[in-house]
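Taking it in order: structure first as C-alpha cells, then the write-up.
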Amino acid sequence: MEKDLIYEDERIDDLQCKGYRLIQKPKGFCFGVDAVLLSDFSRVKKGQRVLDLCTGGGVIPILLAAKTEGEHFTGLELQSEYADMADRSVRLNRLEERIDIRCGDVREIRNLFAPASFSVVTVNPPYMTDHHGLKNLYEPKTIARHEVALSLSDVIRAASYVLPERGSFFMIHKPFRLAEIFFTMKEYHLEPKRMRLIHPYVDKEPTMVMIEGAKGGRERITVEPPLVLYKDKNVYSDEIHRIYGK
Numbered sequence: 006m007e008k009d010l011i012y013e014d015e016r017i018d019d020l021q022c023k024g025y026r027l028i029q030k031p032k033g034f035c036f037g038v039d040a041v042l043l044s045d046f047s048r049v050k051k052g053q054r055v056l057d058l059c060t061g062g063g064v065i066p067i068l069l070a071a072k073t074e075g076e077h078f079t080g081l082e083l084q085s086e087y088a089d090m091a092d093r094s095v096r097l098n099r100l101e102e103r104i105d106i107r108c109g110d111v112r113e114i115r116n117l118f119a120p121a122s123f124s125v126v127t128v129n130p131p132y133m134t135d136h137h138g139l140k141n142l143y144e145p146k147t148i149a150r151h152e153v154a155l156s157l158s159d160v161i162r163a164a165s166y167v168l169p170e171r172g173s174f175f176m177i178h179k180p181f182r183l184a185e186i187f188f189t190m191k192e193y194h195l196e197p198k199r200m201r202l203i204h205p206y207v208d209k210e211p212t213m214v215m216i217e218g219a220k221g222g223r224e225r226i227t228v229e230p231p232l233v234l235y236k237d238k239n240v241y242s243d244e245i246h247r248i249y250g251k
C-alpha cells in the first residue's frame with residue numbers, strides 16, 4: 006500500500022508524533038518549524054471541527070489530529086499537486102475518518118463551505134508581499150511563500166466567514182506585518198486575543214509571530230512570553246524539544 010502512495014520524486018518524513026508520517030517533495034515546498042509551532046499554539050477542544058487554510062502537504066491537520074481530540078479536520082489547498090499529496094499522507098496514516106483534504110481557492114470560500122461551519126480555523130499563509138525579483142510568480146514555492154494567489158485580507162475574510170461567534174482563529178506570520186494583521190482581523194470581526202513572538206535566539210529580534218483571534222470577541226489581548234528557538238548554535242531550546250516531543 007505504501008509504495009502505491011509515494012511517487013518517485015517524493016520522500017516520507019517521520020513527524021515524531023504518534024508514529025505519523027508525511028509525504029513531501031524535496032524539490033518542492035516542504036513544511037518548516039512554523040507549522041509545528043502553530044500546531045502547538047492552536048487550541049482545539051474535544052469534538053470541534055477544524056479548517057486549515059493553505060494546508061500545503063497537510064502537516065497541520067495531521068499534527069492536530071495527533072495532539073488534540075478535535076472531531077474532524079479539513080485542509081484546503083489551492084494547488085492540486087499538493088492537495089493530492091496531502092490526501093495521500095492522510096491515507097498513509099489511515100486518518101481518513103478524521104481528516105479530509107479539499108482542493109480549492111480560499112477566495113472562493115463561500116462556494117466551498119457553509120457559513121459558521123467550523124469551530125476553529127488555522128493558517129500558515131504566504132508571508133511576503135514583495136514580488137520583486139521573482140522569476141516565476143506561479144511556481145509552487147512562490148505561491149506558498151508570496152501573496153501571488155491570495156492576500157492576507159483574503160485569508161482573514163475566509164476565516165471569519167466559516168467561523169461562528171466566539172469561533173477561534175490561529176495564524177503564524179511575520180512581525181513586520183502586525184499592524185496590518187490586527188487592522189484586517191478587526192475589519193472582519195476577529196478580535197486579537199493572544200500573541201506570542203518567536204525569536205531565533207534570546208538576544209535577536211523576533212522573526213515570526215503567532216496570533217489567536219476570536220470571532221466577535223471583546224477587546225483584550227494577552228502577550229505571552231517569547232518563544233526562543235535556539236539556546237546555542239544549532240542547539241534547540243528546551244521548549245522546542247518539548248514541542249517536538251523529545
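Numbering-wise (our numbering), the sequence shown opens with residue 6 and increments by one. A virtual CB, placed ideally from N, CA and C, is assigned to each residue, including glycine.
In this structure, DSSP gives L68 a helical state, which the three-state scheme calls helix. By the neighbour-count criterion, in which a residue is buried when 16 or more other Cβ atoms sit within 10 angstroms of its Cβ, S85 is exposed. Between V49 and V55, the C-beta spacing is below 8 Å. Annotation: the continuous beta strand (DSSP E) that includes S173 extends over S173 to H178. Counting only runs of at least 3 residues, the region 17 to 79 fully encloses the following beta strand (DSSP E) elements, listed from N- to C-terminal order: 26 to 29 and 54 to 58. Contact holds between the region 125 to 132 and the region 24 to 43, because three or more Cβ pairs, one in each stretch, are under 8 Å apart. For H178 against V125, the beta-carbon gap comes to about 17 Å, at or over 8 Å, which does not count as contact. Under the Cβ criterion (8 Å, minimum of three pairs), the region 104 to 114 counts as touching the region 72 to 85. The beta carbon of E170 sits closer than 6 Å to the beta carbons of K220 and G221 from its chain, once the five residues preceding and following it are set aside; these are given in chain order. Annotation: R26 to S156 spans about 30 Å, alpha carbon to alpha carbon. Of the other Cβ atoms in all chains shown, 16 or more fall within 10 Å of the Cβ of F175; this residue is therefore buried. The beta carbons of Y166 and P120 sit about 6 Å from each other, so the pair counts as a contact at 8 Å.
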